[in-house]
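Engineer: In order, the protein sequences belong to chains U and Z. Position 66, counted from 1, in the first sequence is what the numbering used here calls 66; the numbers after and before it change by one each time, with no gaps. Position 106, counted from 1, in the second sequence is what the numbering used here calls 1106; the numbers after and before it change by one each time, with no gaps. One structure, as structure tokens, below. Some questions next.
There are 2 protein chains.
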Amino acid sequence: MKYKPINFQEKLSKFQDQWSPKVIAEMNDYQFKLVKVQGDFVWHKHDETDEVFIVIGGNLIIEFRDGEVKLNEGEMFVIPKNVEHKPYAEAECKILLVEPKGVVNTGQEITDQTAENDVWI
Amino acid sequence: MKYKPINFQEKLSKFQDQWSPKVIAEMNDYQFKLVKVQGDFVWHKHDETDEVFIVIGGNLIIEFRDGEVKLNEGEMFVIPKNVEHKPYAEAECKILLVEPKGVVNTGQEITDQTAENDVWI
């Protein structure tokens, strides 16, 4: 049987829209999602789960109510559950997200940045 | 408050031993581990969980009983639970593993490649 790797750049080339995570893999009940972001996102939190950001390309700032973290390519950060955060990227940034299946990108906030879940590429 | 990103290259520079995963982050009850590998690993499987390999540097072959997958930098693969596999790398390869806390690297096989768990760097 022939097995196929999941290539981040190939998957990233398949979509252009921002703030709309695309699922590329599932492990148990967790999903790996690629997303392109630019500009400001909405302040939100996830009550039930931590969330992992891994920067694949570009630079990302994640603001917290009491500080911020700057992520470059090849860096990751774990947002603890129930902690308010707001991602921001000056130029387009490509991110690999890891979180349980079913997590809504805007958490408890439903805005025009709220994306459909379970969109596979 | 100042938050610090987790930088893969900085973490990789902190150890030289192979086949011995080092924990760099936890998300819920999952761990992110960096590991350096070269040569052949033991055939094994994980009865209770899928396992994610993300190649950070180099090339990796994961053999299955009925085929294999070749992973380059920037590629990932999900090993389904209960599927026998054997990683192999001709030259040293750097990998980010994602799996539940407590998973033993050699699965049900206890060999001299069995590594201690929960070693943080």
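Cβ coordinates follow ideal geometry from the N, Cα and C atoms, glycine included.
(1) Would you list the one or two residues that DSSP bridges to Z/Tyr1030?
(2) For U/Glu75, I'd like the list of residues in its chain whose CB is within less than 7 Å of its CB, leaving aside the five on either flank, ordered along the chain.
(3) List the residues of chain U that Z/Ile1006 touches, going by C-beta distances under 7 Å, in chain order.
(4) Unbroken beta strand (DSSP E) runs of length 3 or more, entirely within the stretch 1052–1111 of chain Z: which are they?
(5) Could you tell me if Z/Lys1014 is buried or exposed, where buried requires 16 or more neighbouring beta carbons within 10 angstroms of its beta carbon?
(6) If you run the structure through DSSP and keep just helix, strand and coil, what is U/Lys2?
(7) Give the single residue among Z/Glu1084, Z/Gly1102, Z/Lys1011 and Z/Arg1065 whose Cα lies nearest to the Cα of Z/Asn1028.
(8) Check U/Gln113 in the structure and name its three-state DSSP category.
(9) Which residues in chain Z sit within 9 Å of U/Gly67, going by Cβ to Cβ distance?
(10) Taking U/Cys93 as the reference, which of U/Val52, U/His85 and U/Lys36 has the closest Cα?
(11) On the DSSP bridge assignment, give the partners of Z/His1046 in chain order.
(12) Do U/Tyr3 and Z/Val1069 have their beta-carbon atoms positioned less than 8 Å apart in this structure?
(13) Using 8 Å as the limit for Cβ to Cβ distance, is U/Phe64 near chain Z?
(14) Under three-state DSSP, which class holds Z/Gln1016?
(15) Using a C-beta to C-beta distance shorter than 7 Å, which residues of chain U count as neighbours of Z/Asp1050?
(16) Comparing the C-beta of Z/Val1129 with each C-beta of chain U, is any distance below 8 Å?
(17) Buried or exposed: Z/Gln1016, going by 16 or more other Cβ atoms within 10 Å of its Cβ?
(18) Going along the chain, which residues of its own chain have a beta-carbon closer than 8 Å to the beta-carbon of Z/Ala1091, five neighbours each way excluded?
(19) Under a CB-based cut-off of 8 Å, is Z/Leu1071 close to chain U?
(20) Quick check: the Cα distance between U/Pro5 and U/Ile24, rounded to an integer number of angstroms?
(21) Among all the DSSP beta bridges, which residues are the ones paired with Z/Asp1040?
(22) If you measure from the beta carbon of U/Val103 to each beta carbon in chain Z, is any gap under 8 Å?
(23) Taking Cβ positions, are U/Ile62 and U/Pro87 nearer each other than 8 Å?
(24) Within the 8 Å Cβ cut-off, does Z/Gln1009 reach chain U?
Structural biologist: By the coordinates alone:
(1) As a first step, residue 1030 of chain Z must be located in the second sequence, where it is residue number 30. Partner(s): Z/Met1027 and Z/Pro1100.
(2) Here residue 75 of chain U refers to the residue found at position 75 when the first sequence is read from its first residue. For U/Glu75, same chain residues with a beta-carbon under 7 Å away, outside a window of 5 residues either side, are Val55 in chain order.
(3) By one-based count along the second sequence, residue 1006 of chain Z stands at place 6. Neighbours of Z/Ile1006 on chain U, chain order: Glu75, Met76 and Phe77.
(4) You should have 1060–1064, 1067–1071, 1075–1079 and 1085–1100.
(5) Numbered from 1 along the second sequence, position 14 holds the residue referred to as residue 1014 of chain Z. Burial call: exposed.
(6) As a first step, residue 2 of chain U is located in the first sequence; it is residue number 2 there, counting from the start. Correct three-state label for U/Lys2: strand.
(7) In the second sequence, the residue the question calls residue 1028 of chain Z occupies position 28. Ranking the options by Cα distance to Z/Asn1028, first place goes to Z/Gly1102.
(8) Residue numbering aside, residue 113 of chain U sits at position 113 when the first sequence is read from its first letter. Coil, per DSSP.
(9) Translated into positions along the first sequence, residue 67 of chain U becomes position 67. The contacting residues are Met1001, Lys1002 and Tyr1003.
(10) Taking the first sequence and counting its residues from 1, the one referred to as residue 93 of chain U is at position 93. Ranking the options by Cα distance to U/Cys93, first place goes to U/Lys36.
(11) Translated into positions along the second sequence, residue 1046 of chain Z becomes position 46. Its beta-bridge partners do not exist; DSSP assigns none.
(12) Sequence index remark: in the second sequence, residue 1069 of chain Z carries index 69 (1-based). Sequence index remark: in the first sequence, residue 3 of chain U carries index 3 (1-based). Yes, they are a contact pair.
(13) Translated into the one-based positions of the first sequence, residue 64 of chain U becomes position 64. Judged by the 8 Å Cβ criterion, U/Phe64 is in contact with chain Z.
(14) On the second sequence, position 16 is the one that residue 1016 of chain Z refers to. Residue state, collapsed to three classes: coil.
(15) What you label residue 1050 of chain Z is simply residue 50 of the second sequence in a count that begins at 1. Neighbours of Z/Asp1050 on chain U, chain order: Met27 and Asn28.
(16) No answer is possible for residue 1129 of chain Z: it lies beyond the span of chain Z, which begins at 1001 and ends at 1121.
(17) Counting from 1 along the second sequence, the entry for residue 1016 of chain Z is found at position 16. The residue is exposed, with fewer than 16 neighbouring Cβ atoms inside 10 Å.
(18) The sequence position of residue 1091 of chain Z within the second sequence is 91, counting from 1. Excluding residues within five positions, the ones whose Cβ falls inside 8 Å are Gln1038, Gly1058 and Asn1059.
(19) For the purposes of this step, residue 1071 of chain Z is identified with residue 71 of the second sequence, where counting begins at 1. Chain U contact via Cβ: present.
(20) Your numbering for residue 5 of chain U matches position 5 in the first sequence. Your numbering for residue 24 of chain U matches position 24 in the first sequence. So the two alpha carbons sit approximately 11 Å from each other.
(21) Translated into positions along the second sequence, residue 1040 of chain Z becomes position 40. Answer by DSSP bridge pairing, in chain order: Z/Tyr1088.
(22) Start at 1 with the first residue of the first sequence, and residue 103 of chain U comes out as number 103. It does not: the Cβ of U/Val103 has no partner Cβ on chain Z nearer than 8 Å.
(23) Counting from one through the first sequence, the residue named residue 62 of chain U turns up at place 62. Counting from one through the first sequence, the residue named residue 87 of chain U turns up at place 87. Yes, Cβ-Cβ distance for U/Ile62 and U/Pro87 is below 8 Å.
(24) As a first step, residue 1009 of chain Z must be located in the second sequence, where it is residue number 9. Closer than 8 Å to some Cβ of chain U, the Cβ of Z/Gln1009 qualifies, so yes.
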